Amino acid sequence: MSSSAREPPRAARRRGRLRELRGAALPAAIALGGVLLALNLISFGFGEAPASVLRRAFEGTWGTPYGVGQVLFKATPLLFTGLAFSIAIRAGLFNIGAEGQVAMASLAGAVVAAELPRGTPWLVAVPASIACAMATGAAVALVPALLRARLGAHEIISGIMMNRVVDVLAPWLLASVLGRAAMRTADAIPAATLPRLDRFVPALRGSAASVAFVLAVALAFAAHRALSRTRAGREMRFVGQRAEAARAEGIDVPRRRLAAMLASGAVAGAAMTATTLGYKGYYELGLGAGAGFSGIPVALLGRGTPLGLVLAAVLFGTLEQAGLAINARVPKEAMDVLEALAIVLVAAAAGSGERARGARHVEDAPA
Numbered sequence: 000m001s002s003s004a005r006e007p008p009r010a011a012r013r014r015g016r017l018r019e020l021r022g023a024a025l026p027a028a029i030a031l032g033g034v035l036l037a038l039n040l041i042s043f044g045f046g047e048a049p050a051s052v053l054r055r056a057f058e059g060t061w062g063t064p065y066g067v068g069q070v071l072f073k074a075t076p077l078l079f080t081g082l083a084f085s086i087a088i089r090a091g092l093f094n095i096g097a098e099g100q101v102a103m104a105s106l107a108g109a110v111v112a113a114e115l116p117r118g119t120p121w122l123v124a125v126p127a128s129i130a131c132a133m134a135t136g137a138a139v140a141l142v143p144a145l146l147r148a149r150l151g152a153h154e155i156i157s158g159i160m161m162n163r164v165v166d167v168l169a170p171w172l173l174a175s176v177l178g179r180a181a182m183r184t185a186d187a188i189p190a191a192t193l194p195r196l197d198r199f200v201p202a203l204r205g206s207a208a209s210v211a212f213v214l215a216v217a218l219a220f221a222a223h224r225a226l227s228r229t230r231a232g233r234e235m236r237f238v239g240q241r242a243e244a245a246r247a248e249g250i251d252v253p254r255r256r257l258a259a260m261l262a263s264g265a266v267a268g269a270a271m272t273a274t275t276l277g278y279k280g281y282y283e284l285g286l287g288a289g290a291g292f293s294g295i296p297v298a299l300l301g302r303g304t305p306l307g308l309v310l311a312a313v314l315f316g317t318l319e320q321a322g323l324a325i326n327a328r329v330p331k332e333a334m335d336v337l338e339a340l341a342i343v344l345v346a347a348a349a350g351s352g353e354r355a356r357g358a359r360h361v362e363d364a365p366a
């Protein structure tokens with residue numbers, strides 16, 4: 000009999016949570032160590048003292064309360080889009096259209112936040128704006144979802160197509176439909192904006208971090224629970240793992256894929272809480288650009304766990320903020336190289352971890 004079979008249920012659950020914690024933290028730690036080493040080499044290449052560059056990067060991120068707030072701000076949309084991509088990939092889908100979903104959701108949510116009556120209470124204004132944004136994100140995801148579910152067209156092609164459509168549609172809506180020549184919406188009413196974190200943590204004063212970060216973390220854990228504990232969530236995961244086996248078990252595979260892509264688009268649309276409702280208070284063309292694509296490596300690094308997604312988003316948020324902090328000495332584009340290196344290191348760590356777990360299963364197997 001294996002050692003795990005002799006464990007009480009509570010001890011087995013505790014052991015499982017500890018393994019999940021290690022599985023989420025170890026890749027991020029390995030990636031961070033590799034990134035620091037690579038940053039030293041890049042600093043040498045540009046004729047800068049590595050210690051000085053590292054000190055400046057640390058002071059601009061985790062070395063000051065303002066830097067911490069900026070890291071959390073930059074991590075928030077990445078956490079939303081990383082979660083969106085993770086939901087889709089659990090169902091065997093590749094939501095590369097999150098970039099367009101974020102843009103259209105930000106525009107729609109900002110219009111609602113600006114057009115609400117001035118006396119609307121925040122308990123109505125904020126949920127209404129977020130609900131409109133998430134519905135818009137799901138609507139943009141509906142096209143590739145239907146093409147995949149009904150016609151078998153690959154969602155990568157249709158997702159790229161929708162990104163291009165949004166690139167044309169968003170400025171046309173701003174300029175021609177809304178009459179905003181400045182390519183930005185009107186300001187949201189005060190009740191529709193999210194409070195900054197410095198209202199609750201005064202040390203973060205001046206940073207752009209908002210309650211949207213808390214919402215993103217809560218949504219990551221809620222989505223993980225839904226995928227693990229509900230019938231629909233388990234069927235989505237089953238479809239992603241073995242679509243033909245799921246079909247043989249009577250699961251409506253196209254329906255579950257459609258639901259997964261719509262949920263993914265809705266979560267991507269919620270990224271506007273960080274940029275539009277929590278930062279600018281309006282949407283301007285290009286706000287939040289890049290978050291949809293950056294969410295892909297966040298999801299891959301997060302490895303499907305909520306804690307892993309949070310750590311991965313914070314890691315990439317740190318790299319983005321560090322790039323701004325050291326831009327005077329090292330080109331900001333160097334951070335793109337470091338982000339790519341982080342992905343490679345985490346992939347390597349994940350592969351070794353899978354081999355180690357396989358070895359443990361063999362050792363624990365009954366004779």
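Note that numbering that gives the first Met the number 0 has the sequence shown beginning at 0, numbered continuously upward.
Ideal Cβ positions, reconstructed from N, Cα and C, are used throughout, including at glycine.
Just so it is clear, the structure is predicted and the values come from calculations on it, not from any experiment.
Annotated as proximal: leucine 214 and threonine 272, with beta-carbon spacing under 8 Å.
Taking all protein chains in view, the Cβ of alanine 324 is crowded by 16 or more other Cβ atoms within 10 Å, so the residue is classified as buried.
About 18 Å separates the beta carbons of alanine 270 and leucine 314, which is beyond the 8 Å limit, so they are not a contact pair.
A straight line joining the alpha-carbon of serine 51 with that of arginine 328 spans about 10 Å. Between the segment 105-114 and the segment 278-286 there are three or more inter-stretch CB-CB distances shorter than 8 Å, so the stretches are counted as touching. The three-state secondary structure of glutamate 47, taken from DSSP, is coil. Serine 263 carries a helical assignment under DSSP once its states are collapsed to helix, strand and coil. Exclusion of the five residues before and after alanine 190 leaves Thr119, Pro120, Trp121, Ala124 as the residues of its chain whose Cβ lies within less than 7 Å of its Cβ. For glycine 66, the uninterrupted alpha helix (DSSP H) segment begins and ends at 64-89. Remark: three or more beta-carbon pairs, one from each stretch, lie closer than 8 Å, so the segment 291-298 and the segment 72-87 are flagged as touching.
Methionine 235: member of the alpha helix (DSSP H) spanning 230-240, first to last residue. In this structure, DSSP gives glutamate 248 a state outside helix and strand, which the three-state scheme calls coil.
If you compare the alpha carbons of Gly287, Ser42, Gly151, Phe57 with that of glycine 99, the shortest gap goes to Gly287. Pairing glutamate 154 with leucine 226 gives a Cβ-Cβ distance that is not under 8 Å. Leaving aside the five residues that flank serine 209 on each side, the residues in its chain whose CB is nearer than 8 Å to its CB run, in chain order, Phe72, Thr75, Leu193, Pro194, Arg195, Leu196, Thr272, Ala273, Leu276, Gly277, Tyr278. Secondary structure of serine 206 (DSSP, three-state): coil. When the Cα atoms are used, arginine 254 and isoleucine 156 turn out to be separated by approximately 20 Å. The beta-carbon distance between alanine 113 and alanine 185, rounded to whole angstroms, is 4 Å. This is short enough to meet the 8 Å contact definition.
The Cβ atoms of alanine 148 and leucine 257 sit closer than 8 Å to each other. Bounds of the alpha helix (DSSP H) holding glycine 322 are 305-324. The three-state secondary structure of glutamate 332, taken from DSSP, is coil. DSSP, reduced to helix, strand and coil, places arginine 179 outside both helices and strands of the structure shown, so it counts as coil. The DSSP-derived three-state label of arginine 117 is coil.
Within the model, the alpha-carbon separation for methionine 160 versus leucine 218 is close to 28 Å.
For arginine 195, the secondary structure class from DSSP, reduced to helix, strand or coil, is strand. Residue nearest to leucine 308 within the set Ala169, Gly151, Phe212 is Phe212 (criterion: CA-CA distance). The C-alpha of glycine 158 is placed about 6 Å away from the C-alpha of proline 143. With fewer than 16 other Cβ atoms inside 10 Å of its own Cβ, threonine 229 counts as exposed.
Among the bridge pairs identified by DSSP, glutamate 283 is matched with Arg183. Going by DSSP, asparagine 162 is part of the alpha helix (DSSP H) stretching over 154-171.
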